[in-house]
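Inspection log for the structure reproduced underneath, given as structure tokens.
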Amino acid sequence: MVQMTFGEAKIAAVAQAMRQDERVIIIGGAAFGGHRYMTLGAPLVQEFPKRVYATPIAELGYVGVAVGAAMTGLRPIVTVSTSSFVYEAWPQIINEAPNIYYMTAGQTKVPMMVHLLTGIRTAGAAQHSARPQAMFMQTPGLQIISPATAEDALVMVQPALDSERPTVWIDHALLMEEDIRGSSSVQGQQTAFGKAAIRRAGKDVTLVTYGITTVRGLNAAERAAAEGIDVEVVDLRTLCPLDRDTVLESAGRTRRLVIADECSLTCGVSAEIAASVAEAGVDLAKPLKRMNTPDVPIPFSPLEEQELIPSEDKILAALRGVM
Amino acid sequence: MVQMTFGEAKIAAVAQAMRQDERVIIIGGAAFGGHRYMTLGAPLVQEFPKRVYATPIAELGYVGVAVGAAMTGLRPIVTVSTSSFVYEAWPQIINEAPNIYYMTAGQTKVPMMVHLLTGIRTAGAAQHSARPQAMFMQTPGLQIISPATAEDALVMVQPALDSERPTVWIDHALLMEEDIRGSSSVQGQQTAFGKAAIRRAGKDVTLVTYGITTVRGLNAAERAAAEGIDVEVVDLRTLCPLDRDTVLESAGRTRRLVIADECSLTCGVSAEIAASVAEAGVDLAKPLKRMNTPDVPIPFSPLEEQELIPSEDKILAALRGVM
Amino acid sequence: MTPPLPNEQLWEALRRMLLIRRFEETCDAISHEPYFPGHHTHLYIGQEATGAGVAMALEPEDVVFSTHRNHGHTLSRGADPGRALAEILGKATGYCRGRAGTLHGCAPELNMPYNSAIVGGNLPIAVGAALTAKHQGLSRASVMMFGDGVMEEGVFYESINLASLWQLPIILVCENNAWPKEDIQTSQPEGRGSLATKQLVNVAETFGIPAIAVDGADVGSVYDATVAARQRAVSGGGPTFIEARTRGWPGGTGKTDLSWAWGEPPTPWHRRDDAVLRLAAELERSATTSQKQLLELDSRVSQTMSEALQFAMDSPYPPAEEAYANVWP
Amino acid sequence: MTPPLPNEQLWEALRRMLLIRRFEETCDAISHEPYFPGHHTHLYIGQEATGAGVAMALEPEDVVFSTHRNHGHTLSRGADPGRALAEILGKATGYCRGRAGTLHGCAPELNMPYNSAIVGGNLPIAVGAALTAKHQGLSRASVMMFGDGVMEEGVFYESINLASLWQLPIILVCENNAWPKEDIQTSQPEGRGSLATKQLVNVAETFGIPAIAVDGADVGSVYDATVAARQRAVSGGGPTFIEARTRGWPGGTGKTDLSWAWGEPPTPWHRRDDAVLRLAAELERSATTSQKQLLELDSRVSQTMSEALQFAMDSPYPPAEEAYANVWP
Ligand SMILES: Cc1ncc(C[n+]2csc(CCOP(=O)(O)OP(=O)(O)O)c2C)c(N)n1
Ligand SMILES: Cc1ncc(C[n+]2csc(CCOP(=O)(O)OP(=O)(O)O)c2C)c(N)n1
Ligand SMILES: [Mg+2]
Ligand SMILES: [Mg+2]
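First to last, the protein sequences are chains C, G, S and L. Quick note: the first sequence uses this note's numbering, first residue 380, plus one each step. Quick note: the second sequence uses this note's numbering, first residue 380, plus one each step. Quick note: the third sequence uses this note's numbering, first residue 100, plus one each step. Quick note: the fourth sequence uses this note's numbering, first residue 100, plus one each step.
Next comes the structure, spelled out in structure tokens:
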């Protein structure tokens, strides 16, 4: 049982990786916590002053630098801070990094990781609330991790680096607030990298989650239990590889399915889960439901913003809806 | 019945729009045909020499210029040529243009269009074969058109401009080769903008297509007919708005569904169609099938490349597979 | 320094600058209240003279673009402080009905059509507005107010190259609040001040754009440079680059007492770099203006600001369902 | 001109340049054959001296990056012409088993680890390779060969700013084949030559990077500049910008006859701008080398090239199923 907050755990994981492997450097500064948690990465700068490269405001440039550094012997972790800024680096993340191993027929590898604070963080408005994960899933050659618990933050960084694949780390700006300490719902899940975790076993309905929706989903599941609905919560953990098998098995068993996803609805992560289930011909008692952010830019104004977020309440309503 | 090639039709449509409205300009040069059809846009330059702005190689800059020109009174059509280059302009297309109308509570509009030659064009390799349409569908605020026939190229440009929405025109590098002249399969489809077209009525199976897969799908449907499979081909025409209703109605009727899509499988256009059908609880006789490019970067070598393309043969096989 | 602006205009400049100062101090004061949405604001304290000097040199038909640090730009352009603050609080009475917030503050009705909070996001957009003007033969300038950090983003170079090649009527106002460089920690997490060039104006000149560096805390210099740039723009002379140099406000210095202008400013920054105090001191010394008049102006402005705060606080939020308005189908 | 390279090295330079010329002529000749994948090739004709001059100044441990116009770079670095052509034909014997093709030609085993066909795509990547060298204290340079068009992309500025700020060991070789600008149509569909700067070297200098412009058709000047740049790089002196100026090959001039070097070149371009003819003429004039020797060299190179073509033609395609190899799960 890990007694750390999520934010502490991710810094500990990075520090551990840096201690173990001299080749691991940080490009972009120690912005793992974004503006609100500026100091989160400070221990890294302190322990490894020569291995944390603060950069100009030049996302395309410094992500490209990481690609080049990775292919010539380093293992950079790039911090882009708010994920909306990763759009600036799109050509390198979408059209360079993921193609290199394939295009050189396996001769050149790009062992790098890009850390992003994604999500509707409240008051980020349309331009600081990006959830780009589904776009990354459209991009063959990228590995995508999305740890939701302190324990997963601790155990997923190293295998991601070891894989030598260009990896996008989908973090969520609000996870740090959630302070998920090791608790009965998350402990002891020594799930293999690339496999989904059943965070809560249940027999009535399968709830597929990842990242922040895992937190919200587990809360919703507890409330559903009080209403007599026994929810099985499947946390995807990595979006590529995508563990369709665990989802299919669970949904096949419960015969009911809700997918909770902060992406916009159309072509989001949940669309892929839903399509996979449909294609596999899983026999559901009721049609599945996607609980996403609607296809709307994110407003600044608080009531409007709250209206759009796939919250605990909304997930609970969706669970009720498939019963 | 339109007696033009697809390439001629799209230029005619742009010329017509420019004649009707002085505010329509072209930014990026007349690269509607890409390298291979350099001369396609020449008539536009000849007729409107002062309204075609050739640019430096600065996609982010000139797409942004179009955004600014659009919000202050012009109606730019931006030509990016090969769609892979649009990644350079991602911050403007994903994080500026689509948010502006919403973020200003409807005060500022961005009536612009971005034309892209997408697709696996043969020998484009990993970096010149982009199919970014599903990423655009993840982006609320963008309109996405994907005309597949000469007639649609003719009739869809004007309403897209009239809508005053930022619009992405998903063209396909190989459509010009297809020379779809007005034929029995496409004529007289005076389908409203935003509505899918039933390109071929059928009772056994619904095949959902758009852009290049419409061409391949219609051919596959003819061959299926020879085998006694009566295929209904639903051409989406616009990806946003997405006409789910026509798909649901058709699939509900035929109770079999194949979706042909050149995007990578995971989180592609077909995922959204499949998810929508699953969510609507359409009762299918057999599980639906997605016929996509697999999640693989595009290789240069011809046999490898052909192996990955959702070709007529593969679509036919998928149709057989759901019978 | 001889004031390049006539006295009554300097007075108006001070009014605008004081309004910005009081507005920003209000934001600072309430920014940790639970009703304040978001986690931080980017204040314009110390840069007021740039905002006022530029705005006073412009015409209503000019189109103005800003950045994340926009409060001072909208106010100096004439925005109502109540509606501007309402926007920052996410209220329905804000310039964008609370959709934009602090990061995206703009005022379409004042020809500030949109604001990007992305570093460099508005640069090419402003060039596009200049293209419209030139293409349509309109006698107006496009004005881009931006931070020195923008010059670290590649899009800046794409944008100025286009502006220069096409000789567009644009005024590029770079607010270098990281001046002089030696004051700056270049290893800041966000790398501010991390440009390998010696002088920012050299960059513009390399691209064939006339460039001038001015003291951004001196409203007259800013005004003069902007008048010249606007003249160049509307007469077909193409873009101008103005570097307005200020020293960043150290923050946390509380409410400004205008009498520091002729008294004892609490910090060296206030003495040397505070644009508001400098202008007040100048007016006070000029003998056309008394200390009393200055303090009266300040209390009128402060009164306006209290009313603005009250207005913003009293305004309703747009209801939750309004989230679906202005959504394309 | 006094040859800055000793004669035997000039001879080796000519060999590499001739190999590139014959290779590119071969590509040109077969590029419309049905078995030739893709619609166009970007040939290196006219720029051979730059490729050869740079390559001869480098060490094997240096890491070299290129662009869409890469054939000459891989060949001058020592790539086998048969395998290079096989790659262009998509064959399994190519340097990347046909995965890369003409646009992405590279040779990882020659420390050319990857090639982007995106204008500017490799720029920051090359800076990253330089960061590795500096971070690990390795005595090697990163070398970026790129076209003038790259300077229209913003990423160029982000990249050189980083290289300059961090004083990285990189040699930025800008192959300006649009020189002099007056020769260039700036309204070309792709806007080549559309940079508002007067001199490309000014741009680098503005970012604090030592810069030199050389005649890119003169192998000696290119070599000298590269030797100096490499020296600066490995001794901790940071980046260097070299502008190698050439006049673009007009195209469609068929197979070069080496005897034009001392005879009658068919066009002004061949007379003035053809790097191969210029070097051959120089050697011929130098009296150490006879016309016969030169023609013999040419026929050896041509023979090598025929064998290369044969090898590439005879090589198999990777089978369709191989499309799924090297795919991450
Ligand atoms: C593309 C992008 N990267 C990073 C940020 C985060 N960010 C917001 S303001 C800022 C500093 C900008 O500096 P400057 O342009 O000089 O403006 P100043 O804040 O000094 O006025 C940064 C890095 C952003 N908004 N956009
Ligand atoms: C981002 C991007 N935009 C456009 C292109 C299309 N393109 C390929 S080569 C080229 C011209 C490049 O000019 P330059 O860098 O001078 O190289 P040259 O061909 O002259 O050697 C263009 C525009 C591309 N490959 N990538
Ligand atoms: Mg600044
Ligand atoms: Mg060139």
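Even for Gly, the Cβ is constructed at its ideal location relative to N, Cα and C.
Query, Result
"Three-way DSSP call (helix, strand, coil) for Asp127(S) in this model", "helix"
"Neighbour-count burial assignment, Ser462(C), 16 or more Cβ in a 10 Å radius", "buried"
"Whole-Å CB distance - Ile311(L) paired with Ile341(L), under 8 angstroms assumed", "6 angstroms"
"Which listed residue (Ile499(G), Leu636(G), Leu621(G), Ala604(G)) has its alpha carbon closest to that of Thr645(C)", "Leu621(G)"
"Gly246(S): CB within 7 angstroms of a non-hydrogen atom of ligand 1", "yes"
"Residue burial classification, Met702(C) (beta-carbon count within 10 angstroms, cutoff 16)", "exposed"
"Top-ranked residue by Cα proximity to Gly700(C), from Ile677(C), Met670(C), Asp674(C)", "Met670(C)"
"Contact set between the stretch 434-454 of chain C and chain L, restricted to residues whose Cβ is under 8 angstroms from the partner", "Thr434, Pro435, Ala437, Leu439, Gly440, Tyr441, Val442, Gly443, Val444, Ala445, Val446, Gly447, Ala448, Ala449, Met450, Thr451, Gly452, Leu453"
"Interface partners of Glu257(L) on chain G, CB under 7 angstroms", "Per Cβ cutoff of 7 angstroms: no residues; Glu257(L) is ~11 angstroms from chain G at best."
"Per-residue burial, Pro367(L) [other beta carbons within 10 Å of its own, 16 or more giving buried]", "exposed"
"Spatial neighbours of Tyr480(C) in its chain, beta-carbon cut-off 6 angstroms, leaving aside the 5 residues before and after", "Lys488"
"His203(L) beta carbon near ligand 2 (any heavy atom closer than 7 angstroms)", "no"
"Nearest candidate by alpha-carbon position, reference Ser293(S), set Val302(L), Ile259(L), Leu104(L), Glu251(L)", "Ile259(L)"
"Contacting residues, own chain, Cβ-Cβ under 7 angstroms from Ala696(G) (five flanking each side not counted)", "none"
"Ligand 4 heavy atom lying under 7 angstroms from the CB of Asn276(L)", "yes"
"Entirely enclosed beta strand (DSSP E) segments - the stretch 385-420 of chain G, minimum 3 residues", "403-406"
"As assigned by DSSP and simplified to three states, the class of Lys233(L)", "helix"
"8 angstroms Cβ cutoff, Ala410(C) in contact with chain L", "no"
"heavy atom of ligand 1 below 7 angstroms from Arg168(S) C-beta", "yes"
"Where Ala422(S) falls: helix, strand or coil (DSSP)", "helix"
"Pro470(C) burial status per 10 Å Cβ neighbour count (16 or more: buried)", "buried"
"CB of Gly227(S) within 8 angstroms of CB of Val661(G), strictly", "no"
"Per-residue DSSP class, three states only, for Asp373(L)", "coil"
"Rounded separation between Asp397(L) and Leu117(L) - CA only", "7 angstroms"
"Selection of the stretch 481-503 of chain G by Cβ proximity to chain L, strictly under 8 angstroms", "Thr501, Ala502, Gly503"
"Residues within the stretch 379-399 of chain S neighbouring chain L, beta-carbon criterion of under 7 angstroms", "none"
"Cβ-Cβ distance between Glu186(S) and Gly177(S) below 8 angstroms", "no"
"CA nearest to the CA of Ile269(L), picked from Gly408(C), Asp531(C), Val444(C)", "Val444(C)"
"Closer than 8 angstroms to chain S by CB, Pro470(G)", "yes"
"Cβ contact (3+ pairs, closer than 8 angstroms) linking the stretch 149-167 of chain S and the stretch 243-250 of chain S", "yes"
"Assigned secondary structure, His167(S) (DSSP; H/G/I helix, E/B strand, else coil)", "coil"
"Extent of the continuous alpha helix (DSSP H) to which Phe410(S) belongs", "390-413"
"CA nearest to the CA of Val626(C), picked from Ala604(C), Thr384(C), Leu667(C)", "Leu667(C)"
"6 angstroms Cβ shell around Gly290(L) - same chain, five flanking residues per side excluded", "Since pLDDT at Gly290(L) reaches only 38, below the 50 mark, its modelled position is unreliable, and the value read off the structure follows with that caveat. Excluding residues within five positions, none has a Cβ falling inside 6 angstroms."
"Any 3 or more C-beta pairs closer than 8 angstroms across the stretch 530-539 of chain G and the stretch 523-537 of chain C", "no"
"Rounded C-alpha distance that separates Leu357(S) from Asp314(S)", "21 angstroms"
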